[in-house]
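Novice: Pasting a structure here, questions to come.
Protein chains: 2
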Amino acid sequence: MSLFSEVSTTDLVTQIARQITAAIVAGQLKPGERLTELQLSREFGTSRAPVREAARLLESQGLVTFSPRRGFFVRTFNATEMRDIYELRIGLELHAGCLAVERATEADIAGLEAQLSLLYQNQKGSQASLETQMFEDFTFHRMLCKAGGNARLLKVYDELAMEMRAGITLIGKLYDDPQRMAETHEPIMEALKKRDGEELREALRYHIAVARDEVVALFHEIEKGA
Amino acid sequence: MSLFSEVSTTDLVTQIARQITAAIVAGQLKPGERLTELQLSREFGTSRAPVREAARLLESQGLVTFSPRRGFFVRTFNATEMRDIYELRIGLELHAGCLAVERATEADIAGLEAQLSLLYQNQKGSQASLETQMFEDFTFHRMLCKAGGNARLLKVYDELAMEMRAGITLIGKLYDDPQRMAETHEPIMEALKKRDGEELREALRYHIAVARDEVVALFHEIEKGA
DNA sequence: TCAATGACGATTGTCGACAATTGACACTTA
DNA sequence: TAAGTGTCAATTGTCGACAATCGTCATTGA
Chain A
1 MSLFSEVSTT DLVTQIARQI TAAIVAGQLK PGERLTELQL SREFGTSRAP VREAARLLES
61 QGLVTFSPRR GFFVRTFNAT EMRDIYELRI GLELHAGCLA VERATEADIA GLEAQLSLLY
121 QNQKGSQASL ETQMFEDFTF HRMLCKAGGN ARLLKVYDEL AMEMRAGITL IGKLYDDPQR
181 MAETHEPIME ALKKRDGEEL REALRYHIAV ARDEVVALFH EIEKGA
Chain B
227 MSLFSEVSTT DLVTQIARQI TAAIVAGQLK PGERLTELQL SREFGTSRAP VREAARLLES
287 QGLVTFSPRR GFFVRTFNAT EMRDIYELRI GLELHAGCLA VERATEADIA GLEAQLSLLY
347 QNQKGSQASL ETQMFEDFTF HRMLCKAGGN ARLLKVYDEL AMEMRAGITL IGKLYDDPQR
407 MAETHEPIME ALKKRDGEEL REALRYHIAV ARDEVVALFH EIEKGA
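Structure, rendered in structure tokens:
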């Protein structure tokens, strides 16, 4: 059986990149694992050329690394890199938040509230997989960034989100209490509704710093174990 | 004569990407211009494969755009995009500045002061081309970001810097008074030496906002003219 | 005159092939 | 035994070729 699900109808390179990305953030391809061009091309039923281009694309997004003459490997993260990623996220999201305070439409805010209620619903069915939780959480924060109205910022945020997902998958746990997870977003929502930039910054800073500390701590454990 | 200078001794794809990048930020390749694979491959004396990979790399960096079945084009910027870029830069650089306040070593600060004196020297010989000025200016700000000690942030900043260079080249003017340009960096330097985060943020915010307003205004003019 | 159509050249998308390089493993030698 | 050496399979780097597609431009018809 193939690791990758079926393709749809767009650019082949993009498709391949998407599929590899999905396999990485889902943890099917493990960090450090080698991506053999020939093997992947057989998986996709193509030649090596589009696979190489897709891999280069992912390299630029930080999901795979590349060594000349050795090939592509699923990127590994260490604690320092994860700290940098979350630290950068703080900078980006606080900035986006300030912009959103000025630019967010009522529709943006309504959308965020809807998304927040989704976070709460996740716990009821308890069917909510770690993956679903993670996705809904990221969606909330992405919507906030989008409300900032800066397309370039959003692009960076999306790349960062991919790396965070890949890193978190590596850990496995996290997100153990969906109820609390949803609640921690309330102060953010409140500050935005009041359009209070300073309060929003503080709420976001705290919220993300907590996540950062958790993730970084877990990575330190992993490194000690390894 | 070739647009591109001679190569050195590393990975071919990287080399090609570097050369195309140089041609773009130097304005030899104009925005909207088509990048024909065959033509470029002849320029470099290679086949199309490495050129394609290099172009895809540049696409991910935002220097060229790509339309399926139509090929690669030097990216065009409009006023909104330039605003977004500078706005994002503000967020990044202020964040990096705050980190630098805590993490910058004495060597970092000494390096920044040396770079600042370079900015002053630029005017003496008056040989200082627009390109040199721009480069020295960017180097200063990059060093500041580097002093923040966040590799991931620095990577984003570098990509952004490329886009800014490409955009500024498109304008042509700017940087007309080297003396004043150097002086405007003093408040930044002062705040960092005092390790006063809030003051540094304000100095940077003002400094970059001025640049942003100039650039965006010039782009609005261009758009009106076009 | 102008819009629609069709053919053609130019360019991209993908492929399979071959040379160059790497890493591993067996083999020699002290 | 341990270090060094040579060989070999596996993989990457690059190439040239061909089919698919796009844009252009002349032609046709009203």
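Protein chains in written order, with my numbering: chain A, 1 to 226; chain B, 227 to 452. A virtual CB, placed ideally from N, CA and C, is assigned to each residue, including glycine.
1. Mind listing, in chain order, the continuous alpha helix (DSSP H) runs of no fewer than 4 residues lying wholly within the stretch 265-325 of chain B?
2. Of the residues V25(A), C145(A), A151(A), which one's Cα is nearest the Cα of L170(A)?
3. Using a Cβ-Cβ cutoff of less than 6 Å, which residues in the same chain neighbour F298(B) once the five nearest sequence positions on both sides are dropped?
4. Can you list the residues of chain B that A151(A) reaches, using a CB-CB cut of under 7 Å?
5. Give me the Cα-Cα distance between R48(A) and A23(A), rounded to the nearest whole angstrom.
6. Run through chain A and tell me which residues come within less than 8 Å of G317(B), C-beta to C-beta.
7. Would you mind working out which of K450(B), A392(B), I448(B), F366(B) sits nearest H433(B), comparing C-alpha positions?
8. Please check if any C-beta of chain B sits within less than 8 Å of the C-beta of E113(A).
9. For chain B, is any of its Cβ atoms less than 8 Å away from the one on L88(A)?
10. Hey, quick one: how far does the alpha helix (DSSP H) through E440(B) stretch, first residue to last?
11. Should the stretch 306-324 of chain B be regarded as contacting the stretch 140-157 of chain A, the criterion being three or more beta carbon pairs within less than 8 Å?
12. Within its chain, find whatever has a CB closer than 7 Å to the CB of A17(A); leave out the 5 residues flanking it on each side and keep chain order.
13. For A211(A), would you say it is in contact with chain B, using Cβ-to-Cβ distances shorter than 8 Å as the test?
14. Measure the alpha-carbon distance for E186(A) versus D137(A) and round it to whole angstroms.
15. If we call anything under 8 Å between Cβ atoms a contact, is L218(A) one with V156(A)?
16. Quick check on the burial criterion: 16 or more other C-beta atoms within 10 angstroms. Buried or exposed for A209(A)?
17. Would a check of beta-carbon distances place Q227(A) closer than 8 Å to chain B?
18. Buried or exposed for A340(B), going by 16 or more other Cβ atoms inside 10 Å?
19. Less than 8 Å between CB atoms is the rule here; does E252(A) satisfy it with respect to chain B?
20. List the residues of chain A that P294(B) touches, going by C-beta distances under 7 Å, in chain order.
21. What residues in the stretch 413-427 of chain B bring their beta carbon closer than 8 Å to a beta carbon of chain A?
22. Which residue spans inside the stretch 357-408 of chain B form an unbroken alpha helix (DSSP H) run of at least 4?
23. Quick one: what's E261(B) bridged to in DSSP?
24. Taking the continuous alpha helix (DSSP H) assigned at K419(B), which residues delimit it?
25. Looking at the structure shown, is S343(B) part of a helix, part of a strand, or coil, going by DSSP?
26. So what does DSSP say about A23(A), is it helix, strand or coil?
27. For A211(A), I'd like the list of residues in its chain whose CB is within less than 8 Å of its CB, leaving aside the five on either flank, ordered along the chain.
28. On the criterion of 16 or more Cβ atoms from any shown chain inside 10 Å, does P294(B) qualify as buried, or is it exposed?
29. Is there at least one Cβ from chain B nearer than 8 Å to L57(A)'s Cβ?
30. Let me know if E389(B) comes out buried or exposed under the rule of 16 or more other beta-carbons within 10 Å of its beta-carbon.
31. Between the beta-carbon of V51(A) and the beta-carbon of S41(A), is there less than 8 Å?
32. For E409(B), does the count of other Cβ atoms within 10 angstroms reach 16, so buried, or fall short, so exposed?
33. Quick one: Cα of A393(B) to Cα of R431(B), how far?
34. With a CB to CB cut of under 6 Å and the five nearest residues on each side skipped, what residues in its chain are close to A322(B)?
35. Who are the neighbours of A275(B) on chain A, taking C-beta pairs under 9 Å?
Specialist: Quick look at the numbers:
1. 274-286
2. Stepping through the first sequence from its first residue, residue 170(A) is reached at position 170. The shortest C-alpha separation from L170(A) is found at V25(A).
3. Looking up residue 298(B) in the second sequence gives position 72. Cβ neighbours of F298(B) beyond the five flanking positions: L261, A281, V290, F292.
4. Here the question's residue 151(A) lines up with position 151 in the first sequence. The contacting residues are D310.
5. Counting from 1 along the first sequence, the entry for residue 48(A) is found at position 48. Counting from 1 along the first sequence, the entry for residue 23(A) is found at position 23. Near 18 Å, if we compare the C-alpha coordinates of A23(A) and R48(A).
6. In the second sequence, the residue the question calls residue 317(B) occupies position 91. G91, L92, L94, H95, A96, L153, listed in chain order.
7. The sequence position of residue 433(B) within the second sequence is 207, counting from 1. Of the listed residues, the one whose Cα sits closest to H433(B) is F366(B).
8. As a working note, residue 113(A) is residue 113 in the first sequence. With 8 Å as the cut-off, E113(A) does not count as an interface residue toward chain B.
9. The count along the first sequence starts at 1 and reaches residue 88(A) at position 88. Closer than 8 Å to some Cβ of chain B, the Cβ of L88(A) qualifies, so yes.
10. What you label residue 440(B) is simply residue 214 of the second sequence in a count that begins at 1. Run containing E440(B): 423-451, per the alpha helix (DSSP H) assignment.
11. yes
12. As a working note, residue 17(A) is residue 17 in the first sequence. A54, L57, L58.
13. Against the first sequence, residue 211(A) aligns to sequence position 211. Not one chain B Cβ lies under 8 Å of A211(A).
14. Residue mapping note: residue 186(A) aligns to position 186 of the first sequence, counting from 1. Residue mapping note: residue 137(A) aligns to position 137 of the first sequence, counting from 1. The alpha-carbon atoms of E186(A) and D137(A) are separated by roughly 13 Å.
15. Against the first sequence, residue 218(A) aligns to sequence position 218. Against the first sequence, residue 156(A) aligns to sequence position 156. It is not a contact, given that the beta carbons lie outside the stated cut-off.
16. Reading the first sequence from its first residue, position 209 is the one you call residue 209(A). When all chains shown are included, A209(A) counts as exposed.
17. Nothing can be reported for residue 227(A), as the shown portion of chain A is limited to 1 through 226.
18. Against the second sequence, residue 340(B) aligns to sequence position 114. It counts as exposed.
19. No answer is possible for residue 252(A): it lies beyond the span of chain A, which begins at 1 and ends at 226.
20. Sequence index remark: in the second sequence, residue 294(B) carries index 68 (1-based). P294(B) reaches chain A at D11, counting residues in chain order whose Cβ is nearer than 7 Å.
21. none
22. 377-397
23. As a position in the second sequence, residue 261(B) is number 35, starting the count at 1. It should be pointed out that residue 261(B) corresponds to Leu in this sequence rather than to Glu. F298(B).
24. Within the second sequence, residue 419(B) is the residue found at index 193, counting from 1. First-last of the alpha helix (DSSP H) with K419(B): 412-420.
25. By one-based count along the second sequence, residue 343(B) stands at place 117. Looking at S343(B) - three-state DSSP - the assignment turns out to be helix.
26. Stepping through the first sequence from its first residue, residue 23(A) is reached at position 23. Shown here, A23(A) sits in a helix according to DSSP, grouped into three states.
27. Position 211 of the first sequence, counted from the start, is the residue given in the question as residue 211(A). Excluding residues within five positions, the ones whose Cβ falls inside 8 Å are Y86.
28. Here residue 294(B) refers to the residue found at position 68 of the second sequence. With fewer than 16 Cβ atoms within 10 Å of its Cβ, P294(B) is classed as exposed.
29. Counting from one through the first sequence, the residue named residue 57(A) turns up at place 57. Closer than 8 Å: yes.
30. To locate residue 389(B), count along the second sequence from 1; it is residue 163. Its Cβ being crowded by 16 or more others within 10 Å, E389(B) is buried.
31. Translated into the one-based positions of the first sequence, residue 51(A) becomes position 51. Translated into the one-based positions of the first sequence, residue 41(A) becomes position 41. Contact: yes.
32. The residue labelled residue 409(B) in the question sits at position 183 within the second sequence. Counting Cβ neighbours within 10 Å, E409(B) comes out exposed, since fewer than 16 surround it.
33. Indexing the second sequence from 1 puts residue 393(B) at position 167. Indexing the second sequence from 1 puts residue 431(B) at position 205. For clarity, residue 393(B) is Gly in the given sequence; the question names Ala instead. Approximately 20 Å between the Cα atoms of the pair.
34. Numbered from 1 along the second sequence, position 96 holds the residue referred to as residue 322(B). Hits under 6 Å: C371, G374, L379.
35. Position 49 of the second sequence, counting from 1, holds the residue named residue 275(B). Near A275(B) (Cβ distances below 9 Å), the residues of chain A are A49, R52.
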